[in-house]
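Shown next, in structure tokens, is the structure this report addresses.
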Amino acid sequence: MALLPGHEKSYAMKYVFKKIFLLLVFSSILFGFVKISYAQTCGNLDECNKLIQEYQEQVTKLQGQASTLKNQIAQFDAQIKLTTLKIAQTQEKINMLGGRIVQLGESLDSLTLAFNSRAVETYKLSKFENNFYFVLSASDLGSAVSRFHYLQKIQEEDRNLLQRLQEAQTTYQGEKADQEELQKQLKTQQANLNAQKAAKARLLKDTQNSESRYQQLLAEARAEFEAIQGILAGRGKETEVGHVDQGAKIATMIQGSSCNSGGTHLHFTVSQNGVAQNPFNYLKGGIDYENCSGSGCGSSDGDSFNPTGSWDWPINPKIKFNQGYGSTWAVRNTYIGRIYSSHNGIDINSGSSSDVKAVKAGVLFRGSYVGGSGCSLRYVRVHNDDGGLDVFYLHVNYSL
Numbered sequence: 000m001a002l003l004p005g006h007e008k009s010y011a012m013k014y015v016f017k018k019i020f021l022l023l024v025f026s027s028i029l030f031g032f033v034k035i036s037y038a039q040t041c042g043n044l045d046e047c048n049k050l051i052q053e054y055q056e057q058v059t060k061l062q063g064q065a066s067t068l069k070n071q072i073a074q075f076d077a078q079i080k081l082t083t084l085k086i087a088q089t090q091e092k093i094n095m096l097g098g099r100i101v102q103l104g105e106s107l108d109s110l111t112l113a114f115n116s117r118a119v120e121t122y123k124l125s126k127f128e129n130n131f132y133f134v135l136s137a138s139d140l141g142s143a144v145s146r147f148h149y150l151q152k153i154q155e156e157d158r159n160l161l162q163r164l165q166e167a168q169t170t171y172q173g174e175k176a177d178q179e180e181l182q183k184q185l186k187t188q189q190a191n192l193n194a195q196k197a198a199k200a201r202l203l204k205d206t207q208n209s210e211s212r213y214q215q216l217l218a219e220a221r222a223e224f225e226a227i228q229g230i231l232a233g234r235g236k237e238t239e240v241g242h243v244d245q246g247a248k249i250a251t252m253i254q255g256s257s258c259n260s261g262g263t264h265l266h267f268t269v270s271q272n273g274v275a276q277n278p279f280n281y282l283k284g285g286i287d288y289e290n291c292s293g294s295g296c297g298s299s300d301g302d303s304f305n306p307t308g309s310w311d312w313p314i315n316p317k318i319k320f321n322q323g324y325g326s327t328w329a330v331r332n333t334y335i336g337r338i339y340s341s342h343n344g345i346d347i348n349s350g351s352s353s354d355v356k357a358v359k360a361g362v363l364f365r366g367s368y369v370g371g372s373g374c375s376l377r378y379v380r381v382h383n384d385d386g387g388l389d390v391f392y393l394h395v396n397y398s399l
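Sequential numbering of the sequence shown, starting at 0, is according to numbering that gives the first Met the number 0.
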């Protein structure tokens, strides 16, 4: 850097300092504007939050009321409205965050440019000021000291600028991460809304908008739950048949409606000491299946189908998967949720055969349970040779 005459050099330094100072002030205003913009739009979000709370209270109130078709439809309507509000809330947050990210990006670019420019100039000045010739060329010692202090001030401003740049980078990355999370949340909420609308449509179809039909479905679900609980607790009437090998035919699925069942399916439950276990922990994967456990066959909202065990399946493929284990789509979205909160087995059907086979070798029992509904729910149980597990196969006819 060529030496500047005293006054020209001083003027140039002041000009650079003033320019950087104005840039820092501008960046402060920009960050302040971002915060102010957010505050100004929070009113809409507050209103949305208030409505969400109101509809959440309405849904909770409806859930506690009597089980009628009218009430169930009202609950669906309130839940759909609630989810719609949540989607609007999330979309508003995404829009606001998008504007903030753009502003932060522009500020980050300005700060980066300023810092790079300052770094070069400060390096040149520091080389010049550290040169012994600088002391000799100064008009007096006071001038040399003044220039030295000025350089220190410039370096302090550089450190402040670097800190501001680092804070801007951290804020920018944080806002981007928040935006990605909100996008995922929005996708989930939209899927929930579609599921709720489908559940309402399915309810109207199943009940034919008839209160008596709705009460019949509730009664069947309640009776089946009572029967399954009784069977797992050992209250079924059983007869020992004898030992069976793995893969042996032990029953056939009842075709059509039967006791506490609206259609052909096998309720398959694994139990250890009377406590239901997840069947998918025992059944092997890789089997051909169709997932019909959600709002429709092949829909994206169905229950998880994730077998990880080693057992062969009790029925032949192709498996029609009607309901999963635990907190299922039906529990969360239909009247079933008024009866139980967790499904203790899986409901399946076969597209090729009605035969039911033993998944493991053990002692076979034939049983039935008569509950409050008065009908007899038939099942078979195999007490496995290894592991001490009991495997239940419900809604079946006994094999000869």
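We treat Cβ as the ideally placed atom computed from N, Cα and C, and that holds for glycine.
Exposed or buried, ALA357, counting other C-beta atoms within 10 Å across all chains shown (16 or more means buried)?
buried
Where does the unbroken beta strand (DSSP E) through LEU363 begin, and where does it stop?
It spans 361-369 - the beta strand (DSSP E) in which LEU363 sits, taken as one unbroken run.
Could you work out which residue in GLY97, LEU107, GLY246 is closest to GLN182 when comparing CA atoms only?
GLY97
Which residues mark the beginning and the end of the alpha helix (DSSP H) in which GLN416 is found?
No answer is possible for residue 416: the residues shown for the chain start at 0 and end at 399.
So is GLU239 buried or exposed if we call it buried at 16+ other beta carbons inside 10 Å?
exposed
Compare the C-alpha of HIS394 against each of ARG99, ARG331, CYS291, GLY262 and name the closest.
Looking at the Cα atoms, GLY262 is the closest of the given residues.
Compute the beta-carbon to beta-carbon distance between GLU210 and SER260, rounded to the nearest angstrom, for a pair I have assumed lies under 8 Å.
So it is not a contact: roughly 22 Å between Cβ atoms.
Would you mind sorting SER340 into buried or exposed? The rule is 16 or more other CB atoms within 10 Å of its CB.
Classification for SER340: exposed.
Give the range of the alpha helix (DSSP H) segment to which ALA226 is assigned.
210-231
Taking contact to mean 3 or more Cβ pairs, one atom from each stretch, closer than 8 Å, check whether the stretch 171-187 and the stretch 46-65 are in contact.
no
Could you tell me which residues DSSP pairs with MET252 in its beta bridges?
VAL395
Is the stretch 308-318 touching the stretch 327-346, taking contact as three or more C-beta pairs under 8 Å?
The answer is no - the stretch 327-346 does not touch the stretch 308-318, with fewer than three Cβ pairs under 8 Å.
Quick one: is SER294 buried, meaning 16 or more other Cβ sit within 10 Å of its Cβ, or exposed?
buried
Just to confirm, are THR206 and LEU68 a CB contact at a threshold of 7 Å?
Their beta carbons are under 7 Å apart, which means THR206 touches LEU68 by this criterion.
Assign ARG380 to one of two classes, buried (16 or more other C-beta atoms within 10 Å of its C-beta) or exposed (fewer than that).
buried
Alpha carbon of ALA218 to alpha carbon of SER372, nearest angstrom
8 Å
Would you kindly work out how many angstroms separate the C-alpha atoms of PHE320 and LYS60, rounded to a whole number?
33 Å
Compute the beta-carbon to beta-carbon distance between ALA232 and GLY370, rounded to the nearest angstrom, for a pair I have assumed lies under 8 Å.
Contact doesn't hold; Cβ gap of about 12 Å is too wide.
Looking at C-alpha atoms only, which residue of GLN52, ALA167, ASN193, ARG221 is the closest neighbour of SER402?
Any property of residue 402 remains undetermined from this structure, which presents the chain solely from 0 to 399.
Measure the C-alpha to C-alpha separation of PRO306 and GLY284 and round it to an integer number of angstroms.
Straight through space, the alpha carbons of GLY284 and PRO306 are spaced by roughly 5 Å.
Which residue wins for smallest C-alpha separation from ASN193, given the options GLN322, ALA275, ILE79, SER375?
ILE79
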